[in-house]
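Residue numbers (the working numbering): 248 to 956.
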Ligand code: PRX
């Protein structure tokens, strides 16, 4: 069914230096199967026309019209205070109404959520749209009447992957309460920092959840979080604790009198209560989602109700190809933006069935995801390269054993190697499913680059062109445009605003402007959006066919299994260890996780180190979470530094990855390099921990890491 062809114009490609550097190799194109095209939401090529640049910004009316508005908007895009764009101005709506109420009339008994617990002997839970409506209303009544929350207040959720999480988000949305869900895998301290930053008075959590066969104690993190928030100046007066098994407490941590309450003891008071959805301005905030950046503090990305919901609904329809009758499974965590946009808001706004799986995909064996797909009749599947690599490694032929059929699959979060892409296509998708490689970020609300699944061919390892209404451009460091289709690397930016873009960094508008707009802004006084390209902080190349290939972060962010970790966050955690004088975090290429973290530590003079490596690993776990645990911690006599005292991360990154450390003549202490190299590499060799030979692209990334000279 699949036709394959060479990329048009590939042989005319001019060979540039950067192109050699990233070792651009054109891949074959794969065309969508006719069966898919026959049912695709976007099957008419005229759709590209409708979103062409001359139709901007009015083209986004098509997305806004997928929503139900209480009051229709009068201005599509207001650019009067750049880059604080306002979309669908004058409009009023409620996100909970759009994701729940409007479907109760048309399909009350259809499953909205299907919850699959990790233990396979526990029953799957189906939540119909009618049941979702009841639960969202009762929860909203509890938040309003028991917690005293109202529109504009913030509430921090530290919930695992259970159906109560989307119910809570929608209950907040019903009231206009701004939710800030913190990934459950993050530590209590990380959660506490986010409580303080968002000034939440209420924390909502769960006693425990299943992960890899264990029922983890999660409530313990709530106590740490409240303590940390207090240290940072924010009092929490209520902690609501859901119980994973109703009526049975699964945590060893005591409940704190007067502060902690079990939700299953309070909720009966609100049984059957209905709460009118609050009609809110399109540009009122819907939620905050924290993400790592270059400097220490995570950034609270604030997303709007109208623009965000319109954008995730539109992209879910055309790029995820969601129809109400589909069974859609996005195996991301709702604690990340992918889960917010493409497990909860987009799919539910379209009235489909969205699967929520509690645990790890390989538990109890690598056949698990395919059993879930077979049993539930999942036909749209969405995951990250790190999961695909893992599933291929532990169960390369497992998918063949199960009778499921995907029409559509997504990859998101990291670059996917063409080889891994092909396994996903051939084995997981059985050659029947289209794949969309979707490039975007927490800040963006929804996809930025991908292929229209029924209309545009796929190219392994390339995200594709800008999605509908998104016009990317690649700039070099000096703000010059890198010629289109030249295959030369540069910084990928988006020339125009779009409805899903975040509105600001919570509490820090200056940082918002500085991080994303200052670099390529052409005139700070201009109210013309053309002068305000959005700087993504990612490197990319564009092939002659217009497809973008994302190379990864150009700032000091390490992408571990799709989780963004800031080097500054890792380093400031490490220096909390008494004996540590200085710390530097670098990425090391990792077969499964894409990148892993290695820490280099120098000690305060005169201290005798006992077990500092473990202390550093532990403090990173406590401050950030287990996802950030370094693969290795190296104690070095001194950090390689420039004469102005800056740590040359690229040098130690080169050592960790067994690549060329580059020019060290500008260092103040070049002699230390060989000392570090021989120590680190001999230990790694002895442990059999030598990374495979890096591709040229990977080697380039390491060489450029944390470049300060
Ligand atoms: O470097 C890019 C990488 O992940 C970063 C965004 O991470 P986060 O905000 O956590 O959001 C992840 C899910 C949207 C980007 O700056 N990234 C994301 N998607 C891709 C990607 N790299 C390559 N290909 C992708 N499809």
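Glycine included, each C-beta is placed from N, C-alpha and C at the ideal position. Predicted model, so just to flag it, every value in this text is computed and none were measured.
Asked	Found
Contact the segment 525-545 vs the segment 333-345: 3+ CB pairs below 8 Å	yes
Residues passing the C-beta test against the ligand PRX heavy atoms, cut-off 7 Å	538, 583, 584, 585, 658, 659, 660, 661, 662, 663, 684, 685, 686, 687, 688, 689, 690, 710, 783, 784, 785, 797, 799, 800, 806, 809, 810, 811
Short Cβ contact (8 Å threshold) for residue 501 with residue 453	no
Exposure of residue 439, with buried meaning 16 or more beta-carbon neighbours within 10 Å	buried
Residue 412, DSSP secondary structure in three states	helix
Whole-number beta carbon distance between residue 604 and residue 711, since they are thought to touch under 8 Å	Going by Cβ atoms, the distance from residue 711 to residue 604 rounds to 27 Å, so no, they are not a contact pair.
Reduced DSSP category for residue 940 - H, G, I as helix; E, B as strand; rest coil	coil
For residue 376, the first and last residue of its enclosing alpha helix (DSSP H)	376-392
Residues near residue 576 in its chain [Cβ-Cβ closer than 8 Å; skip 5 each side]	601, 602, 604, 619, 620, 623, 625, 627, 628, 629
Rounded straight-line distance, which links the Cα of residue 410 to that of residue 368	18 Å
Close-in-space but distant-in-sequence residues of the same chain around residue 573 (CB under 6 Å, 5 per side omitted)	599, 626, 627
Residue 446 (DSSP reduced to helix, strand or coil)	coil
Whole-angstrom distance between residue 571 and residue 560, CA atom to CA atom	12 Å
Beta carbon of residue 380 nearer than 8 Å to that of residue 347	yes
Where residue 514 falls: helix, strand or coil (DSSP)	helix
Residue 654 - DSSP class collapsed to helix/strand/coil	coil
Beta-carbon gap between residue 820 and residue 866 smaller than 8 Å	yes
Residue burial classification, residue 479 (beta-carbon count within 10 angstroms, cutoff 16)	exposed
Cutoff 8 Å; reference residue 361; Cβ partners in own chain excluding five residues on either side	371, 372, 373, 374, 574, 600, 601, 602, 603, 623
Which of helix, strand or coil DSSP assigns to residue 829	strand
Buried versus exposed call for residue 345 [16 or more other C-beta atoms within 10 Å across all chains shown]	buried
Through-space distance from residue 742 to residue 261, alpha-carbon basis	Residue confidence for residue 261 is low, a pLDDT of 40 falling below 50, so the modelled location carries little weight and cannot support an answer.
Residue 678 versus 684, 668, 938, residue with shortest Cα-Cα distance	668
Distance CB(residue 713)-CB(residue 740) smaller than 8 Å	no
8 Å contact criterion, which residue 753 and residue 329 should meet: CB distance rounded	In fact, because the Cβ distance is near 19 Å, the residues do not count as touching under 8 Å.
Buried versus exposed, by CB contacts within 10 Å (16 or more), residue 645	buried
Test item: CB-CB of residue 505 and residue 468 under 8 Å	no
From 336, 320, 319, residue whose alpha carbon lies closest to that of residue 326	336
Distance, residue 745 Cα to residue 717 Cα	7 Å
Contact the segment 894-910 vs the segment 941-953: 3+ CB pairs below 8 Å	yes
Delimiting residues of the alpha helix (DSSP H) encompassing residue 462	Looking at the DSSP string, residue 462 is not in any alpha helix (DSSP H); the run it does join, the beta strand (DSSP E), is 461-464.
Contact check, residue 424 vs residue 400, beta carbons under 8 Å	yes
CA nearest to the CA of residue 661, picked from 686, 850, 913, 801	686
Contained alpha helix (DSSP H) runs [length at least 4] in the segment 611-697, N- to C-terminal order	615-623, 632-641, 665-670
Residue 325, enclosing beta strand (DSSP E) - first and last residue	322-325
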